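First up is the structure itself, then whatever we jot down about it.
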Amino acid sequence: MPKVDHYSVLGVGRDASADDVRSAYRKLARQYHPDVSAAADAAERFKEITQAYEVLSDPEKRQRYDMFGDGDLGGMAGFGIDDLFNTFFGGTRRRERGPVRGADLRLEVELDLEEAVTGAEKAVRVPRQETCERCHGGGAEPGAKTSTCGTCGGRGEVRQVQQSLFGRFVSVATCPRCGGSGKNVDQLCRDCRGEGRIHAEREVTVGFPPGIDDGQQIRVGGQGESGMRGGPPGDLYVLVRLREHALFRRDGDDLVHVLRVTPAQAALGDELKVPTIEGGEAPVKIPAGSQHGQSVRLRGKGIPRLHASGRGDEIVYLDVVVPRTLSKEERALYQKLKSLRPQPEKDRAEDDTILGKVRDAFGG
Ligand SMILES: [Zn+2]
Ligand SMILES: [Zn+2]
């Protein structure tokens, strides 16, 4: 908020009396009232004037302002201009009478990873406000007699002259009798009780393209709430939440799978099978000398790229599992291995990097 001197905003001296402050405010507020003034900065000026008045009309705040300036008035931003505005001028918000677009709706849908791979169509239940079919949104019972509202003369709003502390002000308010429609009916619609809209729950089919990811949104045009007074409906936004999968974790377009192998399989290499997201199996070749946390990449077994061709990969991480218990025969063999190689090979830096990646991917 720019620092503006409250006294100069109101055009009064620092010795101005409470009466001086009040009459200065009254004059300026009338001049810059946004409903009256054509000046482009009227709203801004009006705010300044009102803020200045708020401070200078309160002996305690004024004293503080004289001593410290605006410095300790950090709370000013939150103070209710609207409240003050309404105190002086009454409610001035005019009711919209033209067509109004219906509100957008947002909801979440959970998908399985498989559905994100193949794409899916889902019926989604959408609770929403819809135009009442019985009265077509008009709120009148079919056959009811309609007459121009006598209270507002059909204008839908009433002007009230209010006597306030600072003089008479005209306020404009929605007609309390007809609710702004300008018309009265002798019978309200039985289904919507005159609201023109009813609560409904519809099934909307939503298509999710292959490759859709957690946190992405699908927009379904026109499936939000109905508009009012002939306005178009809003849109429906469906937020995708992917369920956790027991065998795979998604990493962009890639799928990550962890394959448990024995120390012997890792040392000698092996030909194994891993599950695929389609539900089948794919062969995977473990090279001899594989390290714990090392990965093998299966090209094109990942997730289809959204709105593009091709697929990501399935990345198979090796989890070398050391036996917790050994048979008698195994024990003898491990003892032999131990005596043949009492120390591990010298550590290689890249192993740590790969391990780090796996720990990141699995939070382990
Ligand atoms: Zn109705
Ligand atoms: Zn009326």
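For the sequence shown, the working numbering gives the first residue as 335, with consecutive numbering after it. For each residue, glycine too, the CB sits at the ideal point set by N, CA and C. Small disclaimer: the values here were computed from a predicted structure and weren't measured.
Secondary structure note for residue 357: its alpha helix (DSSP H) is the uninterrupted segment 352-366. Taken through DSSP and simplified to helix, strand or coil, residue 383 comes out as helix. Closest by C-alpha distance to residue 566, out of 555, 618, 521 and 454, is 555.
Residue nearest to residue 498 within the set 520, 397 and 356 is 356 (criterion: CA-CA distance).
Here residue 363 is buried, its C-beta having at least 16 other C-beta atoms within 10 Å.
Residue 401 counts as exposed, since fewer than 16 other beta carbons sit within 10 angstroms of its beta carbon. For residue 664, the number of other beta carbons within 10 angstroms of its own is below 16, and it is reported as exposed.
The Cβ atoms of residue 546 and residue 640 sit closer than 8 Å to each other.
Each residue's CA atom was taken as its position, placing residue 653 and residue 659 some 18 Å apart. Burial of residue 463 is indicated by the presence of at least 16 other C-beta atoms within 10 angstroms of its C-beta. For residue 539, the CB stays at least 7 Å from every heavy atom of ligand 2. Within the stretch 551-606, the runs of alpha helix (DSSP H) that reach at least 4 residues and sit entirely inside it are, in chain order, 597-602.
Between residue 616 and residue 608, the C-beta gap is smaller than 8 Å, which places the two residues in contact. Under DSSP, residue 455 takes part in a beta bridge, and its partners are 541. In this structure residue 473 is not in contact with residue 516, their Cβ atoms being roughly 12 Å apart against a cut-off of 8 Å. Taking one beta carbon from each stretch, the stretch 565-581 and the stretch 621-637 have fewer than 3 pairs nearer than 8 Å; the two do not touch. According to DSSP, residue pairing for residue 532 in a beta bridge involves 464. In the DSSP assignment, residue 619 forms a beta bridge with 605. Of all C-beta pairs linking the stretch 451-459 to the stretch 518-526, fewer than three are shorter than 8 Å, placing the two stretches out of contact.
For residue 442, the enclosing beta strand (DSSP E) covers residues 439-445.
Rounded to the nearest angstrom, the gap between the Cα atoms of residue 503 and residue 380 is 16 Å. Judged by DSSP secondary structure, residue 475 falls outside any alpha helix (DSSP H); it is assigned neither H nor E. Taking every protein chain shown into account, the CB of residue 450 has 16 or more other CB atoms within 10 angstroms, so this residue is buried.
Counting the other Cβ atoms within 10 Å of the Cβ of residue 481 gives fewer than 16, which makes it exposed.
Shown here, residue 403 sits in a helix according to DSSP, grouped into three states. Distance check between residue 628 and each of 592, 602 and 613 places 592 closest, using alpha-carbon atoms only. Closer than 7 Å to some heavy atom of ligand 2: that describes the Cβ of residue 511.
Proximity to residue 471 across 485, 436 and 461 peaks at 436, based on C-alpha coordinates.
In this structure, 645 is the residue among 483, 534, 373 and 645 with its C-alpha nearest to the C-alpha of residue 589.
Per DSSP, the beta bridge partners of residue 501 are 498. The nearest non-hydrogen atom of ligand 2 is 7 Å or more from the C-beta of residue 472. Only residues of its own chain outside the window of five on either side were considered, and among them 520 have a CB closer than 6 Å to the CB of residue 479, listed in chain order. Residue 389 carries a helical assignment under DSSP once its states are collapsed to helix, strand and coil. Look at residue 516: its beta carbon is less than 7 Å from one of the heavy atoms in ligand 2.
Taken through DSSP and simplified to helix, strand or coil, residue 517 comes out as strand. In the three-state scheme derived from DSSP, where H, G and I count as helix and E and B as strand, residue 507 is classed as strand.
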